[in-house]
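Peer 1: Chains as they are written, first to last, in this note's numbering: chain A, 1 to 531; chain B, 532 to 874. My questions all concern the structure below.
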């Protein structure tokens with residue numbers, strides 16, 4: 001075996017050689033491609049399957065579209081409506097059914113095609129025909145036509161007071177009729193020809209390259225271009241910002257531990273952090289048409305059993321904000337928040353009135369989406385808090401279910417209590433109330449068909465649908481008053497329990513300027529800059 | 532019948548059975564997807580879309596047709612080589628597979644080569660001195676790497692080499708500051724071509740930097756299998772009668788190993804390689820997800836979450852077809868190398 005031993009030594013030498021090969025790694029590290037400091041890399045977990053506004057529906061796609069497209073109206077950083085491709089606020093006819101919008105002149109698409117009324121009509125009709133979110137305007141707009149070279153008219157089914165907010169939806173960003181000639185009725189997933197400050201020069205679901213558009217009508221971008229990259233896990237994203245591989249990081253789908261650590265670094269001045277308006281809400285849906293939660297006393301008792309401040313602190317390490325309304329407080333009609341604050345004494349009285357606490361516990365089952373970590377944390381934390389504070393009155397069993405599976409069963413009334421979230425497609429109260437309270441067919445307080453049934457609550461009350469429709473047609477103070485009343489009455493019945501509001505965040509390296517969000521919760525990417 | 536003819540008949544039978552197997556598999560996937568809870572419309576529109584909008588999208592995507600009709604369309608398309616259109620972005624499934632499969636194959640091939648090199652070297656060194664420190668080390672290496680959770684090793688590698696040391700990127704397949712090379716979809720080959728033809732070596736360097744961490748991690752995980760397999764089979768061969776007989780005839784140890792023991796010990800290793808290649812064709816999910824590697828496994832996982840029926844069906848059928856081809860090829864290779872095998 002002597003020669004074998006010699007062979008073993010040679011193998012050892014080979015292994016040592018392999019170990020030495022590890023020294024190549026630093027060399028490779030040193031050979032990083034040279035980066036233009038004025039071009040920035042922004043990372044997120046947002047894989048983007050399609051850049052076609054007719055097919056896009058994810059937060060990441062909307063963020064991208066807001067950089068390469070322009071809406072007719074935008075919500076400014078102060079929450080006010082600002083005309084972008086429109087020249088002024090829409091003019092509404094006396095009957096509220098015709099909306100005139102004048103369009104900006106001198107705007108060109110990325111392919112040089114002039115932007116005009118025909119292009120806007122082409123875009124809106126295309127969206128109505130093939131848009132995945134076509135119900136956004138399909139429910140409200142009957143037709144659209146050009147009334148001049150740079151003015152359009154929308155004919156509505158019924159008056160709608162928040163039409164400017166509706167037209168701020170980035171899915172309605174105009175598309176070049178020339179570029180989309182062959183895609184008038186089908187999607188174009190990997191290219192985009194719009195009017196935005198950037199043009200999309202390269203697209204894959206994991207990476208998008210944005211170049212400043214030289215012919216942009218507005219203020220040119222402050223950077224020399226952006227690369228948006230998607231990494232598939234939170235740890236990698238966190239690491240990429242720490243190592244300087246990327247310049248900015250969006251909070252969407254980033255795990256809360258990582259968000260908390262980044263926020264901590266921002267407080268120490270190691271990073272810059274910006275937060276946007278909290279337009280995403282988390283809430284509980286209660287099954288109101290079956291025992292035991294068909295008893296309004298128990299629903300109210302549950303509403304009083306939610307220690308939101310503690311839950312938010314435990315679940316999101318204080319990053320989310322407690323919420324006691326279905327409409328986010330940043331929106332008009334979002335305040336005052338009508339759901340009751342935590343009050344275990346009052347909750348106990350209601351449980352007692354319903355026949356519980358005196359040696360009898362109310363058994364409830366809470367379902368959470370197993371693929372969303374914060375939902376699981378919430379379920380377990382609330383379970384423990386209830387056990388501690390009201391354990392003699394109520395017991396909570398928790399079960400996880402993958403989100404797509406859960407969504408399928410919502411309308412079947414499969415869940416006594418389920419944690420869900422929502423972010424409106426455009427920032428208006430109507431977008432938060434109608435999708436949970438709308439009801440096409442009802443029997444007393446039970447919704448048989450419509451949004452309330454589809455969302456798993458089945459709650460309604462006589463006259464609610466009419467009030468919701470009336471609120472949509474009003475504007476100004478009368479609308480706000482009606483929306484607040486609807487919320488108060490809904491809170492009294494507690495078919496839903498608002499939990500928290502989520503602020504979008506971005507962290508950038510400390511050598512970049514402070515970033516900003518617009519009123520729709522999107523980062524103003526064109527303002528990102530390394531001084 | 533001669534052995535060559537028997538082999539031909541065996542290969543013919545395997546290839547003839549392949550379409551039947553693929554049909555069964557495709558039908559099973561088609562059925563299971565529809566039986567699974569969840570709805571692509573929910574995945575696309577969420578829970579808040581009005582029923583009318585949901586019905587319209589269902590009709591637009593052809594999901595309102597009877598199941599049998601959908602199955603018929605699927606099979607006819609499959610026979611014509613049309614795998615359908617992705618529900619999420621309306622791209623042809625073939626195009627999506629064309630973008631993701633090369634990424635998985637590139638990662639798998641490089642990892643396999645690295646794993647074979649390291650694993651065989653470790654396994655070979657282990658038999659040099661039975662029960663020595665080297666042997667113990669080789670055994671521990673084999674067991675340890677085989678037992679390591681892949682996600683843990685991947686995250687540790689990411690943390691050390693990308694975040695702490697900053698030597699390599701944390702994820703992705705190509706530097707975002709460069710445009711990926713066009714061509715076959717195998718970035719390493721395409722970048723090499725760019726380097727040779729146009730002198731653009733930065734593409735090759737970029738590809739290598741991004742490939743090294745995921746491929747290296749996967750290689751470490753796989754190398755233990757090779758190390759153990761070679762060590763055990765070589766030890767068995769060295770203890771066998773024919774090696775003893777050869778030794779008694781005065782053959783050198785070098786000749787004993789290289790000429791007599793090693794070829795026999797490598798046959799089971801070849802079988803293991805075939806199985807490993809077949810499993811890597813479908814991608815290494817945890818590695819792809821951890822390193823944000825845009826491969827077919829990660830895409831399949833997303834497609835399942837989105838209930839993108841055509842995409843899931845397409846990926847499964849294509850991967851299954853490739854696995855069949857690889858296993859037949861390995862069988863033929865083994866039959867050619869090992870005259871003892873009967874058919």
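The C-beta atom is built at its ideal place from N, Cα and C for all residues, glycine as well.
Decide yes or no for the touch test of the stretch 307 to 323 of chain A against the stretch 449 to 465 of chain A: beta carbon pairs closer than 8 Å, at least 3 of them.
Peer 2: No: fewer than three Cβ pairs fall under 8 Å.
Peer 1: Specify the secondary structure class of residue 527(A) as computed by DSSP and reduced to three states.
Peer 2: DSSP places residue 527(A) in helix when its eight states are reduced to three.
Peer 1: What are the start and end residues of the alpha helix (DSSP H) that includes residue 871(B)?
Peer 2: It is not in any alpha helix (DSSP H) - residue 871(B) carries neither H nor E in the DSSP assignment.
Peer 1: Mind checking which residues open and close the alpha helix (DSSP H) that includes residue 203(A)?
Peer 2: Element bounds for residue 203(A): not the alpha helix (DSSP H) but the beta strand (DSSP E), 198 to 204.
Peer 1: May I ask you to report which of helix, strand or coil DSSP gives residue 413(A)?
Peer 2: Residue 413(A) falls in the coil class under three-state DSSP.
Peer 1: Have a look at residue 228(A) and residue 413(A) and give me their C-alpha separation to the nearest angstrom.
Peer 2: Those two C-alpha atoms are separated by around 40 Å.
Peer 1: Taking the continuous alpha helix (DSSP H) assigned at residue 757(B), which residues delimit it?
Peer 2: Note, residue 757(B): alpha helix (DSSP H), 732 to 769.
Peer 1: Can you tell me whether residue 170(A) is helix, strand or coil according to DSSP?
Peer 2: Residue 170(A): helix per DSSP, three-state reduction.
Peer 1: Measuring CB atoms only, is the stretch 325 to 333 of chain A touching the stretch 478 to 485 of chain A, in the sense that at least three cross pairs come out at less than 8 Å?
Peer 2: Verdict: yes, contact present.
Peer 1: Let me see if you follow: with CB-CB separation under 8 Å, is residue 703(B) close to chain A or not?
Peer 2: True, the Cβ-Cβ gap to chain A drops below 8 Å.
Peer 1: Give a yes or no on whether the minimum CB-CB distance between residue 715(B) and chain A is below 8 Å.
Peer 2: No, because no Cβ of chain A sits closer than 8 Å to the Cβ of residue 715(B).
Peer 1: Going along chain B, which residues have a C-beta under 7 Å from residue 194(A)?
Peer 2: Near residue 194(A) there are no residues of chain B at all, since even the closest Cβ is about 18 Å away, more than 7 Å.
Peer 1: I'd like to check one pair, residue 392(A) with residue 345(A): are the Cβ atoms closer than 8 Å?
Peer 2: Not closer than 8 Å, so no.
Peer 1: Within 8 Å (strictly less), CB to CB, does residue 710(B) reach chain A?
Peer 2: Yes - at least one Cβ of chain A is within 8 Å of the one on residue 710(B).
Peer 1: Of the choices 367(A), 43(A), 64(A) and 159(A), whose alpha-carbon is the least far from that of residue 96(A)?
Peer 2: Among 367(A), 43(A), 64(A) and 159(A), the Cα nearest to that of residue 96(A) belongs to 159(A).
Peer 1: Which residues in chain B sit within 8 Å of residue 227(A), going by Cβ to Cβ distance?
Peer 2: Result: 707 and 708.
Peer 1: At the level of alpha carbons, what is the spacing between residue 473(A) and residue 208(A)?
Peer 2: C-alpha separation (whole angstroms): 40 Å.
Peer 1: Do residue 247(A) and residue 523(A) have their CB atoms nearer than 8 Å?
Peer 2: Result no, Cβ atoms of residue 247(A) and residue 523(A) do not sit closer than 8 Å.
Peer 1: What alpha helix (DSSP H) runs, 4 residues minimum, are completely inside the stretch 775 to 833 of chain B?
Peer 2: List check, alpha helix (DSSP H) in window: 793 to 812 and 816 to 821.
Peer 1: So with CB distances below 7 Å, who are the chain A contacts of residue 827(B)?
Peer 2: Here the premise fails: no neighbours, minimum Cβ distance about 13 Å.
Peer 1: Would residue 762(B) and residue 657(B) qualify as a contact pair, given that the criterion is a beta-carbon distance under 8 Å?
Peer 2: Contact: yes.
Peer 1: If you drop the 5 nearest sequence neighbours on each side, which residues of the same chain put their C-beta closer than 6 Å to that of residue 145(A)?
Peer 2: Only 153 meet the Cβ criterion.
Peer 1: If you draw a straight line from the C-alpha of residue 745(B) to the C-alpha of residue 644(B), how long is it?
Peer 2: Using only the alpha carbons, I get a separation of about 13 Å.
Peer 1: For residue 824(B) versus residue 634(B), is the C-beta spacing smaller than 8 Å?
Peer 2: Going by C-beta atoms, residue 824(B) is nearer than 8 Å to residue 634(B).
Peer 1: Does the CB of residue 55(A) have a neighbour CB from chain B at under 8 Å?
Peer 2: It does; some Cβ of chain B falls within 8 Å.
Peer 1: Is there at least one non-hydrogen atom of the ligand SAM closer than 7 Å to the beta-carbon of residue 95(A)?
Peer 2: What this structure holds is no ligand at all, so the ligand SAM is not there to describe.
Peer 1: At which residues does the beta strand (DSSP E) containing residue 114(A) begin and terminate?
Peer 2: Residue 114(A) -> no beta strand (DSSP E), and no H or E assigned at all.
Peer 1: Given residue 442(A), which residues of its chain have a CB within under 7 Å of its CB, disregarding the five upstream and five downstream residues?
Peer 2: For residue 442(A), where only same-chain residues beyond five positions count, the Cβ hits under 7 Å are 448 and 460.
Peer 1: Tell me, please, whether the CB atom of residue 838(B) is closer than 8 Å to any CB atom in chain A?
Peer 2: Taking Cβ atoms only, chain A reaches closer than 8 Å to residue 838(B), which makes this a yes.
Peer 1: Determine the direct distance from the alpha carbon of residue 373(A) to that of residue 283(A), and round the result to whole angstroms.
Peer 2: Roughly 15 Å separates the two Cα atoms.
Peer 1: Thinking just about the alpha-carbon of each residue, which of 340(A), 342(A) and 370(A) is nearest to the one in residue 402(A)?
Peer 2: That would be 370(A), whose Cα lies nearest to the Cα of residue 402(A).
Peer 1: Taking 8 Å as the threshold (C-beta atoms), are residue 68(A) and residue 75(A) in contact?
Peer 2: No, the Cβ-Cβ distance between residue 75(A) and residue 68(A) is not below 8 Å.
Peer 1: Would you mind sorting residue 770(B) into buried or exposed? The rule is 16 or more other CB atoms within 10 Å of its CB.
Peer 2: That one is exposed.
Peer 1: Mind checking residue 63(A): buried by the 16 CB within 10 Å criterion, or exposed?
Peer 2: The residue is buried, with at least 16 neighbouring Cβ atoms inside 10 Å.
Peer 1: Along chain A, which residues have their Cβ under 7 Å away from the Cβ of residue 693(B)?
Peer 2: Correct list: 239 and 243.
Peer 1: Can you name, in chain order, every residue of its own chain whose Cβ lies under 8 Å from the Cβ of residue 151(A), other than the five neighbours on each side?
Peer 2: Counting only Cβ-Cβ distances below 8 Å, and skipping sequence neighbours, we find 100, 101, 102, 103 and 117.
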